[in-house]
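In our numbering, the protein residues as written are 12 to 275.
What follows is a single structure, written as structure tokens, with notes after it.
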Ligand code: SF4
């Protein structure tokens, strides 16, 4: 996933997963003097939530001798997530749909501006298994194919992404962060109740309890499907947005489409 001289943008949310990721990477990185770690937080503008999580992210970065870089939705797109949600009358998309689309773009812009070679995110095994199942349940085969694409297959214009702790379960991550007493923010996002992911999480937790190994099997199935798709794909499905020039499977990318909807 990582090279010896990488400049690694580590996405820090302020939560336990990214705290553990940063802690582990920083320890490994000490053995590779040519590489560098830059912690990055995307501030979506969620009052009473992101501001507190930002403080945890800053404390963690400072405790590891790192300088946290912050990029906000407001600066990059002209809106906070709160203002988007307040003005979305008549639009059926949930908060997490906006948040996910804008956050992915924000992270890419941040990594490009910071000159990063790669973005590391703190997705864990539970997150990844949930994502695979959600894509199957939604019938979103193209997203299933694009999930966890190997670094050497990355697309021009997108900084490659890696998930170094994705085979660690949420339980192991909680244990690791408690043993090391890492500072993290543990209050759920006020929009989290909307998430389709919650239903999938409850179902998978029950399955994992009844049939241990369900999560890792689902994660590996998702990787195998993505690999199989990449092998037969000619790579012709990804073009560039005709408005902003970002890589996009459609003529107008999702970010421009959502910004248009909000402005009209
Ligand atoms: Fe964004 Fe949804 Fe996560 Fe809140 S729960 S931070 S709105 S993706």
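From the three backbone atoms N, C-alpha and C, an ideal C-beta is built for every residue, glycine too.
It should be emphasised that the depicted structure is a prediction, and the values quoted were computed from it without experimental measurement.
From residue i to residue j, what does the alpha carbon distance come to, in whole angstroms?
i: residue 101; j: residue 209; result: Summary for residue 101: the model assigns pLDDT 49, below 50, so the residue's position carries little reliability, and this model does not support an answer.
i: residue 264; j: residue 113; result: 11 angstroms
i: residue 93; j: residue 117; result: 16 angstroms
i: residue 155; j: residue 148; result: 11 angstroms
i: residue 72; j: residue 137; result: 25 angstroms
i: residue 109; j: residue 40; result: 34 angstroms
i: residue 257; j: residue 222; result: 42 angstroms
i: residue 43; j: residue 37; result: 10 angstroms
i: residue 252; j: residue 193; result: 41 angstroms
i: residue 270; j: residue 104; result: 13 angstroms
i: residue 273; j: residue 45; result: 44 angstroms
i: residue 70; j: residue 231; result: 35 angstroms
i: residue 160; j: residue 115; result: 15 angstroms
i: residue 177; j: residue 135; result: 4 angstroms
i: residue 240; j: residue 234; result: 10 angstroms
i: residue 32; j: residue 268; result: 33 angstroms
i: residue 67; j: residue 188; result: 13 angstroms
i: residue 18; j: residue 90; result: 29 angstroms
i: residue 152; j: residue 64; result: 33 angstroms
i: residue 7; j: residue 125; result: What the structure shows of the chain is the stretch from 12 to 275, and residue 7 is not part of that stretch, so it cannot be assessed.
My output table needs one value for residue i: the three-state DSSP class, helix, strand or coil.
i: residue 74; result: helix
i: residue 52; result: strand
i: residue 43; result: coil
i: residue 250; result: strand
i: residue 222; result: coil
i: residue 95; result: helix
i: residue 243; result: helix
i: residue 24; result: coil
i: residue 101; result: Bear in mind that the predicted position of residue 101 carries a pLDDT of just 49, short of 50, making it too unreliable to give a figure here.
i: residue 211; result: helix
i: residue 127; result: coil
i: residue 257; result: coil
i: residue 198; result: coil
i: residue 188; result: helix
i: residue 180; result: coil
Compute the minimum distance between the beta carbon of residue i and the heavy atoms of ligand 1, and state whether it is under 8 angstroms.
i: residue 202; result: yes
i: residue 65; result: no
i: residue 114; result: yes
i: residue 250; result: no
i: residue 57; result: yes
i: residue 255; result: no
i: residue 92; result: yes
i: residue 168; result: no
i: residue 110; result: yes
i: residue 22; result: no
i: residue 107; result: yes
With 16 as the cutoff for other CB atoms within 10 Å, does residue i come out buried or exposed?
i: residue 196; result: buried
i: residue 55; result: buried
i: residue 133; result: buried
i: residue 219; result: buried
i: residue 146; result: buried
i: residue 266; result: buried
i: residue 243; result: exposed
Practice task
Determine contact between the segment 111–130 and the segment 80–90, defined as no fewer than three beta-carbon pairs at a distance below 8 angstroms.
Solution key: The segment 111–130 makes contact with the segment 80–90: 3 or more CB pairs, one atom from each, lie closer than 8 angstroms.
Exercise for the section: Would you be able to state if there are at least three C-beta pairs under 8 angstroms between the segment 87–101 and the segment 134–144? Expected result: When C-beta atoms of the segment 134–144 are compared with those of the segment 87–101, fewer than three pairs fall below 8 angstroms, so the two segments do not count as touching.
Practice task
Indicate whether the contact test is met: 3 or more Cβ pairs, each with one atom in the segment 48–65 and one in the segment 212–230, closer than 8 angstroms.
Solution key: Per the Cβ contact rule, the segment 48–65 is not in contact with the segment 212–230 (fewer than 3 Cβ pairs under 8 angstroms).
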